[in-house]
Each structure stands twice: as structure tokens, then as C-alpha cells.
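Asks: According to UniProt numbering, the sequence shown is numbered sequentially starting from 1. We treat Cβ as the ideally placed atom computed from N, Cα and C, and that holds for glycine.
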Amino acid sequence: MSERAVNNIYDAIYNENYRLAISLSNKALKKYHDDPGVYAMKSLALVKLGKYEEAEELARLVINTKPVDETILQALNLALKDLQKYDEIVELFQNAFEQDPTNEEYANQYFMAVTRTQNFELQKQAALKLNKLFGGSTVNKKGKYFCWAIMSLILQSHYQKDCPKALIDRLSEQMILKAIEKDFITNYEGLFMYLTILMDQGRNKEALEVLNNDLGSKCVKIETERNRLNIELNRKTKQWEKLIEVCKAIVENNDHDNFTCFNNIIDALFTLLEENVLAIDYLNNSTFIEVYDWIKKIQDEELKNGISKIKRAPFIAEIELEKKIIEMTGFAMEKHKNILIEYIKKFGDKYCCFEDLLPYLKMLNSDEIMNDFKTELNNLIKTNDMTVNDIQRNINIEKINFYLGYNINNEDEMKNYVKKLISLYEDTLPFGTKLEATERQFGDDYLVLAAALLIDYYKTTNKNCYIYEAIAILEHGLEKSKFNFQFKIILMRLYSLLGDAFRTINISESLNLRSIQFDTLSYLYTEGIDSLSLIQIPLQIYNSYLSIYRSNHTEIRDVITQAYKHETYSKIIEILDFYHKLNNSIQQVLFHQQIIRVETLQAFTTVDTAKKYLSKINDKFIDITEDYLSVCTDNRDYKVFAHWKDEETTLEQKIRCRPLKNKLWIQLFGLISKILKNISLKNIDIIKADMEKLDALLKKDNLASELLPSEIANGKIIYEYAKFIIEVEESKEIIESGSCESFKNILEIFKELINSLKSVNPSINITFNIIEQCNSIIEAINYISLLAYDASNVAPNRKSRNLPWVVNIQDKKHQFIEDIKGQINIFIEYLTELNKIVKDRKNKGTESIKEIFGTDESLIDNLMNDNSKLLNMVFDQCQGSWSVSLENILKEAESRIKILE
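Structure below.
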């Protein structure tokens, strides 16, 4: 092999000119036939071009040659990593190590390759082998390889379900004691392994002793780490007096704002009170008096720093303590009201004040005390000569009032209150004229409160005008605060309720979500876009977001190898927990299933095309078992919305365009796709098993609360379709006798879908629900088209076409299709009328908004400046999205008629 030739190929790859690299590889192969070095380089270049099968084939050829050349090994390592062929990387370096057992670098590469497979038993064996062969090497002078083996055992105990845990824990303890004896454990990372081994066995008291003995003192140099472990272990061992002592020492060491320590102190205190005295005796308890006086002492020290510098934690601690007293005694007193008022006086000018007090606002369980609290609270509102601090205090007071509940008795009072909130917002704008573009206006939360109130009345009255008004208010705020996160996420949900995908996605892009946020926050705007007949938009989004899971699969493994190299063992469990949390994410499953759902719609140019697509669906994303669902993690962040009202139903729940997609949705659409696939492949046994699962799912009690009616209907159609296929295969005598109920049942289900849509007269008052129903009807027609195709081809051969059971099916199918086409024509008429209404209203926002608002027309010009202009803008944005969705659905419906003919 020419070194120059390989270098030229490498340079081309380095410069991302992969086609040139392949061209150079092909030239080199003509001269150096079957050269493994050239094959390795070419494999890497092919991977970069996405030609995975060819790249894998070449990589296998090179692996079989058992190379030891460093250039070949590294090129192939990179190619196999991109192919996610981790077992093959193990094989590659195992071969190199076995051919040169004295090469410590190959031995290290082999161990790191094994870590990527998460085969912890093999990791341990590899680490012990390294320790045996290279025990005296410079790299292993502090027992590095021996510690790798210990960490491998810890991971095996943590993550390998079928391992003998008790035996592994004993073995790891013996090994860590041996490591201590050999002076391998000299820092926090080594001690972490020892403590983990003890804690995994529930021996927390011993772990605490180790932490605070000579070994712990030698290994833990960072005080915050020692404190954290001391708190954790004292809690686990229920050493409450010691926990109080440790936490007080941490706070007194210039850490007065340590909320965790204050909370631990109060938890420990009240645990002791419950264990040792009657609740009524707390005032005479020496520990209680000591803790109470100590909190007051810390408060006094803070007050000496001046009002602008005081820390919040000791004052929140007092409120928490008093809340616990109320819970013990059952009644609040005037002093409890006073400490809340005092907290607002001290910290009301901070944004966090409301959130700080949220857990305590309901502790005033006396009507008299609560009324006095509200009176004193509202006396703190400042309206003249205001500063920015006064604005923030006023907003916090408004939030508290909103949470506790205003006395609003009708829609007129609600509208007046909304108008007041908008006016308060407008009054704050002069204070924000010099703010940076990235900063929020000081009064933004007034608009969030106004929108929340309008949403409440939308839920009560079902008037869409309140959605439009809430959108207009928030769009108005977004003009001044272009980066306000709350404005954006509420707006996305409200536009989703109206079925406007374009503005929803436009706002989502401005959020600039990154990495893990696609898993935790994308549900805010992706839940319904697969139901709006836009095909490419959801496909682009879902496929793009799936990249985070692919990155997690590869990058986490690199991070783990680095943790081993640098002996940062405390990070490995944390990293693996994160890996499993993301790898098992329910959102990842939803992305895959939504892609399949949209691609199934896309594939319906002909029945043959659809069947070809369905037959190739990856079972991994549709074979959803209970065991699979049991390990799924829901990482979606439901607390990201402002929830400023004392209600169980959150703002996030109120403005969902559809029930949140959860495990039931995953099971339903998994079964639908799996049954369709196996009908295409004629796997009767699988169809039978899945039909039974679908039948059981459709009988669940919580079906209506977790799925849309149209989704349930389509599930029933698939059930009837599967039942027909099985009857044709196994019960021809039943069909011959005239049974064949599936056609009749499906027709009834389909009629119900059409009638449900028709019950809403075509108008410009369009919402997500209308477009979703139309899209679901297209799905139903697709399933019926597949059934019609299979019913047309039931005869095993030409000779059997005149058999009675075949003739019976054809007669029933013919009448069924005619009836279905009649219903589709009704659907097309409805769509045509609705589509015309939407098209005719282009650039006619004023007229359309008046129609939508109806008797509430006074709201249009009476709420805020430019309200009418903003409402027109909102409508025009929605009209553009609706027009595309309805046009697509109409085209699909018309094409399906042709497929059925």
C-alpha cells in the first residue's frame, strides 16, 4: 500500500470531499488490489455520503483481515462508529490486541470499544486482563485498570437486570477493599465507588462513617461535595439531629441562601417532633425553640446587609416552618398573615416573589385572616410616582389576587378586568423604552394574566372569539418583547387550537430550541400537526428532531470512554442515567409513529404503493408491548407554562388542541400500522393476535379521555378490516352463508364520521377539530380502499372466482363501495363549500372577525389600541394555513374516489 495514496485519500476525507476520496480509493485499488487500508478509507468516505450498506460491506472485509496497522484501525473505527456497529469495533480491536498482547494502546482501545456496547461483564473481564498484563505500567501506576474493573461491576449491578446482584455487590466490595489496601483510592472518584457500593446495599450508616473517617477526609477535598454527601447520607440513615447540625454549619459558613439546607433542617425538625412529642407541645420542645431562634438569628444577620442585599432563604424558611405548624395544629393565626405580608414588603420587587409564596398562599385557612391578608396586600399597590420595583411588586400582588380568586360573576365583568390588565400593561411601557431587544417589558405578565382569563372563559363558553382575543393580546405583547417565552408557548397552543400550523411552526422556530429541549418541549407544538394534512411540514420537523436521539446514541458513548480515561467515575452513572432516559423517551416513539402515520397518507397514490410502503415499516416502531412501554420515560416538561391559578387543571391542559398523546395513542397507532403491514404480508397468525389486542384496547374505560373520537373510529375500522381478512382465510363457509358483517359495520362507522363533521355547519369559525376530522376521514377512506382491494382479490385463483363465497363477497363489496362513495361525495361537497368559504375570505379579516365574534363584537374595538388590526392579522394568518390544509384534503378525497372506482 502506498503511504502517499492513503494520505491523499485521508486529506480528501478531512476536507469533506468524500466523492474525491472514493475516486482516489478506486484508483488506488486498481494498483493495490484488495488493500485493507484503501478499503478502510473508502468505507469511511462511503459512510459520510450515507451509503451505509456498501460501507458496512467493505468494513466487514477489512475486519476479516484482522488488521494491526494504526491508520487502518482508526479509519475503520470512525466508519463503524458512524454506522453504530459497536460489536464490530470490539471485534476489530480484540483481534489487534490478540495479535499483539504486549501493546497497551491496543488493549486500551479494546476496553474502550467494550464500554460502547454496555456489556459490563465483558468490561470487567477486559479491565482485569489489562490489570494483569500491564499491572506495572506507567498508565496503571495507581491501579487504574483495577478501578475500571470495579466500576464495571458497579454498573453491572445497576443496569443488568438478570445479573446475580448480591454476588456482584460482594465481589465489588472485596475488590474496593483490596484497592484501598493497595492505596489505589486516593481521591473523590475512588471514594465515590466505595460509597456507591455500600449505598447500593442499603448500608448507608457505614457509608456515612467512611465519608467522615480518615479515608473520606483524604479523598474529599471539596467541601461542597462532602456537604452534599453528608446531607444525603444523614437523611438516608434518619440521623435527624446530625442532619440539622450539618445543614446549620453549611448555612453559617457564608451560605445564607441555601434553600436545600433550610428545607432539610425543617423536615428533620418536624420528623423529630412527630416521633418524640405530641404536636401540641412543639412550643416547649427545645429542638424546635433552638431551630426557630437560629432562623431568626440568620434573618437578623441578613437584615444588617441592607434591604437590597438580603437573601430570601431564611425568610422562606420561617414561612415553611409556620406552614408546618398550621398543618400540625389545624388553624392559622394572625402572625401567619403578617409573615406573608412582611415577605412581600421585603421581596415583592423581585420576579420570584410570587413563585416563592405559591406553596403558602392557601395556608391562611381562616376566612377572616384571608380577608385581612387581601386587604393589606392590596394596600401595598402603588399607583403614583412608580419605579420599576413598584411595577414588579404590583404584578406580584396581581398574581396573588388572581391565584386566590377574583369575584368575577359574568362575561362583562371578565371583559372589564381584561381591559384593566391591558391598561396596567400599557402604563408600564414608558419604563421599558431603553430595554435591550432581548429583554422583557416590565409589565408583560399583565398580558399573560389577561390571556389566561380569556382562556378560562373560552373553556366555559366555547366561544372562539376569546381565543382570537387572547392571541391578539399576546401578539401585541410580542411586538415589544420579542423573546418572551411565555407569550410564545401560549400563542403556539392557541394557534394550534385554531388549526393554524404555519404560525405555530413560525413561533416554534423563534424559540431556538436545542438538543434535549426537542425532547422536553417540542410536544408543545407538534402534537397536532400530523392531523392537518400538510405532509412535508411534520415530516421535516419529526425527522429533524430525531437527530437528538441518534446523537445521544453515539455521543454519550464517547463521553463514557472519556470518563474512564480520566477516571471520573462519579460521572458515568449520571451519564448512563441520562442516556437511558433519552433513549427510552416516549417522545422519540411518538416522532417515529407520527412519521409512519404521515408517510402512510403520503404513500396512498395507489393501493399498490401504499401496500409496498406498509410492508416495509420497521417493526421496532410499531410492535409496542407492555414491557416496552414500561421502560418508556416521559420527559415532557408540563410545568413550563405559567400556572397562576388555584386550580387542578393547568393552563397547559386547558389549551391542548387534542388529548395529550400518551401510551394509549402509541398502542393504538402501533397496532393500526402493524395490522396493515401484516395484512400486506399475509401474516394471518400475527393479524389474529393483534386484532385481539386491538379489541381489548378499544374496550378500555379511559379511551374517550385519551383519544379523539375519529381516532377511535379508525381503530374500529381497522379491527373490522382485520376481522374480514381472517374470515376470508379461515371461515369461508360463514361468508358463503351470507354473514360477512365487516362491510356493514365499517359503513356505519364511516357514516358516523361524516355525520359528526356535517353536524358543524361550514363557516369561517374553523378550529383544529374540524380539520382533524377531515384528515381522519381521509385516513378512514385509505383503510377502506385497502379493504376493497383485498376483497377484490380474495379468490385464490381464476378458477375459484365463481365459487359461492367469492361471489358473495364481490356482491357485498360492490354495494359497500357504492355506499362508501356516496358518503365520500357528501364529504367532498362539505369540503368544497368549506374550502370556498375560506378562499373567499382571503384579505377579508374585518368581515370575518365580526362573524366570529358575533354578539361579542364590542370586544373588537373596545379592549386595546389597534385591537381590530391585530385580530385581522390573526385571522389572515389562520386563513392561509386553513386554505392549504383544506385544499390538500379536498384533493386527497377526490383522488380516493378514483382509487375506489
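With 16 other CB atoms within 10 Å as the buried threshold, where does Ser858 fall?
Replies: With fewer than 16 Cβ atoms within 10 Å of its Cβ, Ser858 is classed as exposed.
Asks: Do you know offhand how far Lys309's Cα is from Ser481's?
Replies: Rounded to whole angstroms, Lys309 to Ser481 spans 28 Å at the Cα level.
Asks: Jot down the residue ranges of each uninterrupted alpha helix (DSSP H) in the region 539 to 595, minimum 4 residues, whole runs only, in chain order.
Replies: Within the region 539 to 595, the complete alpha helix (DSSP H) runs of at least 4 residues are 547 to 565, 570 to 583.
Asks: Using the three-state DSSP reduction, which class does Thr846 fall into: helix, strand or coil?
Replies: DSSP places Thr846 in helix when its eight states are reduced to three.
Asks: Do Ala126 and Tyr106 have their beta-carbon atoms positioned less than 8 Å apart in this structure?
Replies: No, these two residues do not count as a Cβ contact at 8 Å.
Asks: Output the distance between the C-alpha atoms of Arg493 and Lys218, rounded to the nearest integer angstrom.
Replies: For Arg493 and Lys218, the distance between alpha carbons rounds to 55 Å.
Asks: Would you call the CB atoms of Ile89 and Arg60 closer than 8 Å?
Replies: No, the Cβ-Cβ distance between Ile89 and Arg60 is not below 8 Å.
Asks: Do Glu104 and Ser137 have their C-beta atoms closer together than 8 Å?
Replies: Yes, the pair counts as a contact, with Cβ atoms nearer than the cut-off.
Asks: Put Thr375 into one of helix, strand or coil per three-state DSSP.
Replies: Three-state DSSP puts Thr375 in a helix.
Asks: Give me the Cα-Cα distance between Leu664 and Ala149, rounded to the nearest whole angstrom.
Replies: When rounded, the distance between both Cα atoms is 42 Å.
Asks: Name the two residues that bound the continuous alpha helix (DSSP H) containing Glu833.
Replies: It spans 804 to 840 - the alpha helix (DSSP H) in which Glu833 sits, taken as one unbroken run.
Asks: So which of Leu198, Gly143, Lys205, Gln156 has the shortest CA-CA distance to Ile180?
Replies: Checked all of Leu198, Gly143, Lys205, Gln156; the closest Cα to Ile180 is Gly143.
Asks: Could you check if Thr224 is buried or exposed, using at least 16 other CB atoms within 10 Å of its CB as the buried criterion?
Replies: With fewer than 16 other Cβ atoms within 10 Å, it is exposed.
Asks: Smallest Cα separation from Ser585: which of Ile666, Leu272, Asn512, Val559?
Replies: Among Ile666, Leu272, Asn512, Val559, the Cα nearest to that of Ser585 is on Ile666.
Asks: For Tyr549 and Leu582, which I take to be in contact (beta-carbon distance under 8 Å), what is that distance rounded to the nearest angstrom?
Replies: Between Leu582 and Tyr549 the Cβ distance is about 7 Å, and since that is below 8 Å, they are a contact.
Asks: Measure the C-alpha to C-alpha separation of Ile725 and Ile679 and round it to an integer number of angstroms.
Replies: C-alpha separation (whole angstroms): 8 Å.
Asks: What does the Cβ neighbour count give for Ser510, buried or exposed, with the cut at 16 atoms within 10 Å?
Replies: Counting Cβ neighbours within 10 Å, Ser510 comes out exposed, since fewer than 16 surround it.
Asks: For Thr633, does the three-state DSSP call read helix, strand or coil?
Replies: Strand.
Asks: Excluding five sequence neighbours on each side, which residues of the same chain lie with their C-beta closer than 7 Å to the C-beta of Asp519?
Replies: Result list for Asp519: Ile548, Leu582, Ser585, Gln587, Asn635, in chain order.
Asks: Quick one: give me the first and last residue of the alpha helix (DSSP H) that Leu380 is part of.
Replies: Note, Leu380: premise wrong, no alpha helix (DSSP H); not H, not E.
Asks: Would you mind sorting Ile222 into buried or exposed? The rule is 16 or more other CB atoms within 10 Å of its CB.
Replies: It counts as exposed.
Asks: When you compare the CB positions of Glu232 and Ile266, do they come within less than 8 Å of one another, or not?
Replies: It is not a contact, given that the beta carbons lie outside the stated cut-off.
Asks: Identify the continuous alpha helix (DSSP H) that holds Pro709 and give its terminal residues.
Replies: Start and end: 709 to 730.
Asks: Roughly how many angstroms separate the alpha carbons of Ala704 and Glu527, rounded to a whole number?
Replies: About 17 Å.
Asks: Please return the same chain residues whose Cβ sits closer than 7 Å to the Cβ of Pro414, not counting the five positions on each side in sequence.
Replies: Note on residue identity: the sequence assigns Met, not Pro, to residue 414. Excluding sequence neighbours, Met414 sits near Ile408, Leu453, Tyr457.
Asks: Secondary structure at Arg656, three-state DSSP: helix, strand or coil?
Replies: Coil at Arg656, not helix or strand.
Asks: Are Met151 and Ile572 closer than 8 Å when you measure CB to CB?
Replies: Taking 8 Å as the Cβ cut-off, Met151 and Ile572 qualify as a contacting pair.
Asks: Expressed to the nearest angstrom, what Euclidean distance is found between the alpha-carbon atoms of Asp372 and Leu380?
Replies: Cα to Cα, the separation comes out at about 13 Å.
Asks: In chain order, what residues of the same chain lie with their CB nearer than 6 Å to the CB of Ala28, ignoring the 5 residues before and after it?
Replies: Once the five neighbours on either side are set aside, the close Cβ partners of Ala28 are Ala5, Val38.
Asks: Does Asn782 come within less than 8 Å of chain B when only Cβ atoms are used?
Replies: The displayed structure is made up of one protein chain only, and chain B is not part of it.
Asks: Should Gly715 be labelled buried (16 or more other beta-carbon atoms within 10 Å of its own) or exposed?
Replies: The residue is buried, with at least 16 neighbouring Cβ atoms inside 10 Å.
Asks: With three or more beta-carbon pairs closer than 8 Å as the criterion, would you say the region 669 to 685 touches the region 608 to 623?
Replies: The region 669 to 685 is in contact with the region 608 to 623.
Asks: What three-state label does DSSP hand Arg312 in the structure shown?
Replies: Coil, per DSSP.
Asks: By alpha-carbon positions, which one of Asn227, Glu302, Leu155 ends up nearest to Ile197?
Replies: Cα-wise, what sits closest to Ile197 is Leu155.
Asks: Report the three-state DSSP secondary structure of Arg493 (helix, strand or coil).
Replies: Helix, per DSSP.
Asks: Three or more C-beta pairs under 8 Å: does that hold for the region 688 to 706 against the region 767 to 777?
Replies: No, the region 688 to 706 does not touch the region 767 to 777.
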